[in-house]
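For reference, the structure is listed below as C-alpha cells.
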Amino acid sequence: MHPIGRETRIVEAESLAAGYGQRAVWRDGFFSFGRGEFVAVIGPNGAGKTTLFRMLLGLQRPFAGSLSVLGDEPRRGNPRIGYVPQRHLIDSDTNIECLELVRLGLSGKRWGFNPFSTRDREDALAALDAVSARELAHRPLGALSGGELQRIFLAEALVSNPDLLLLDEPLSNLDIRRETDLLHLVNDVVRSRGVTALLIAHNINPLLPHLDKVMYIANGKIATGKPNEVLTSESLTALYGVQVEVLRDPHGNVAIIGVEEHHGDVL
Ligand SMILES: Nc1ncnc2c1ncn2[C@@H]1O[C@H](COP(=O)(O)OP(=O)(O)OP(=O)(O)O)[C@@H](O)[C@H]1O
Ligand SMILES: [Mg+2]
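Residues in the sequence shown are numbered from 89 upward in steps of one, following our numbering.
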C-alpha cells in the first residue's frame, strides 16, 4: 500500500482534447474516475482510444484542457500505473523468460541492472499466479500463444501493485473462455485491490456485467457515465447530433448504430 496518494479521484479531465500536430482527434472530454472503478473504453478504429492512454501515461501532452492522474500531472514511467499496450512485438526467437519480463514491471528495475532478488522473484511469481500462468514462468516469450502472451503482459502490469491499470485491447487474440477468464481476473483485481481499470475493447457486451462506467469515443466526442445512462439512443443522439440507435437483444447485448467514423478536424 502507498503511504501517500490515497486520492479518491484517480483520473480527472476537464475540457480535455487530444490530437496530433494541428489535428484534434477528440475534444470536450469531461470525465472523472474514482478508486476501484472498472471502465470500458469503446469506439471505432481511429477514434482516439489509444491516444487517451498515451496522455494518461504522460507520453503525449493534452491538445487542450486539463488532465490529472493520481492527483498530479501525467508523467512518464509512473510505477503506480500498470499498462498493457495494444501491440506486442515479440519475435518467435525471443528467448527472454516470462518471469524475467514480469520482473521488468517492478519499478526502477531494468535489464542488466539489479540482480534478481528473492523479493523480486517472489513478487514476479505472485503476479504470474494472479493470472494463472505460473507454469509459464520459465518459458521463452517467443514460444507463447497470443492468449498466453496477453496474460504475461497483464502480470507485468500488475507486479508493481498499481493504482491505475490501462489495458489496451487485452481481449484481442483470446478465445471466449480466455476472454471470460481475463475479464473475471481484471474484475477481481479491481474489487479486491481497489485498482481503477480502464480497458479498451471493441465489443462491450462481455464487459457489461462487470462495468462501473463506460467511455464511448467516436466522431471527435466522448460520452462517459454508467453504461445504462451512456448507452441509450437518446443520450448518444443528443451528443452526436445525428440519429444514433442503441439496440438491445433479450440477453441485454447492445449494438450501437449510426455514428460515423471520424477522421479529425483541423483547428
Ligand atoms: N503519432 C501519431 N501522429 C499522428 N497521428 C496519429 C498518431 N498516432 C495516432 N494518430 C491518429 O490519431 C487517431 C487516433 O488514433 P488512436 O491510435 O488513438 O485510435 P484508436 O481509437 O486506438 O484506434 P484502434 O481501435 O484502431 O486502435 C487516428 O486517426 C490515428 O491515425
Ligand atoms: Mg488503439
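Ideal Cβ placement from N, Cα and C applies to all residues, glycine included.
These numbers come from a predicted model, not from an experiment.
Delimiting residues of the beta strand (DSSP E) encompassing residue i
i, result
"leucine 287", "284–288"
"leucine 189", "Per DSSP, leucine 189 belongs to no beta strand (DSSP E); it is in the alpha helix (DSSP H), 186–192."
"arginine 115", "111–122"
Coil, strand or helix - residue i by DSSP
i, result
"threonine 268", "helix"
"arginine 175", "coil"
"alanine 225", "coil"
"threonine 312", "strand"
"leucine 155", "strand"
"isoleucine 240", "helix"
"glycine 146", "coil"
"aspartate 181", "coil"
"aspartate 276", "helix"
"leucine 355", "Confidence at leucine 355 is low in this model, with a pLDDT of 39, below 50, so its placement is unreliable and the value that follows should be read with caution. Coil at leucine 355, not helix or strand."
"isoleucine 92", "Note on isoleucine 92: pLDDT 46, under 50, position unreliable in the model; the coordinate value appears next. It is coil, neither helix nor strand."
"leucine 232", "coil"
Proximity winner among the options, relative to residue i (alpha-carbon distances)
i, options, result
"glycine 193", "Ser205, Pro167, His290 and Trp114", "Pro167"
"arginine 242", "Cys186, Leu327 and Arg209", "The residue you asked about is not arginine; residue 242 is leucine in the sequence shown. Looking at the Cα atoms, Cys186 is the closest of the given residues."
"leucine 273", "Gly308, Ala221, Lys309 and Pro132", "Ala221"
"leucine 255", "Ser233, Val278, Glu161 and Ile264", "Val278"
"lysine 106", "Phe141, Val129 and Leu262", "Here residue 106 is alanine; the residue named in the question, lysine, does not match the sequence. Answer by Cα proximity: Phe141."
"leucine 287", "Asn316, Ser321 and Asn275", "Asn275"
"leucine 177", "Gly313, Arg111, Leu229 and Gly346", "Leu229"
"valine 238", "Gly117, Glu257 and Ile305", "The residue asked about is misnamed: residue 238 is glutamine in this sequence, not valine. Glutamine 238 has its Cα closest to that of Glu257, out of Gly117, Glu257 and Ile305."
"valine 219", "Leu155, Arg207, Gly235 and Thr182", "Gly235"
"valine 157", "Glu210, Lys309, Ser260 and Glu100", "Glu100"
"serine 248", "Ser260, Asp269, Leu271 and Arg209", "Arg209"
"glycine 122", "Gly282, Ile310, Leu296 and Leu319", "Gly282"
"tyrosine 328", "Ala212, Asp116 and Ser103", "Asp116"
"glutamate 102", "Thr312, Leu335 and Val127", "Thr312"
"asparagine 307", "Asn341, Gly131, Asp181 and Ala225", "Gly131"
"serine 180", "Thr206, Leu232 and Arg164", "Leu232"
"asparagine 261", "Ala289, Thr284, Glu244 and Ala285", "Ala289"
The alpha helix (DSSP H) enclosing residue i, as first and last residue numbers
i, result
"alanine 135", "From DSSP, alanine 135 is part of no alpha helix (DSSP H); its letter is neither H nor E."
"aspartate 263", "Counting along the chain, aspartate 263 falls outside any alpha helix (DSSP H), and DSSP gives it neither H nor E."
"arginine 97", "From DSSP, arginine 97 is part of no alpha helix (DSSP H) but of the beta strand (DSSP E) over 97–108."
"alanine 215", "206–218"
"glutamate 322", "321–328"
Per DSSP, the bridge partner or partners of residue i
i, result
"aspartate 359", "With the chain covering only 89 through 355, there is no way to say anything about residue 359."
"isoleucine 345", "Glu333"
"isoleucine 305", "Ile310"
"isoleucine 169", "Leu252"
"valine 127", "Leu286 and Lys301"
Contact with chain D by residue i, beta-carbon distance below 8 angstroms
i, result
"phenylalanine 151", "Annotation note: the requested chain D is absent from the structure, which comprises a single protein chain."
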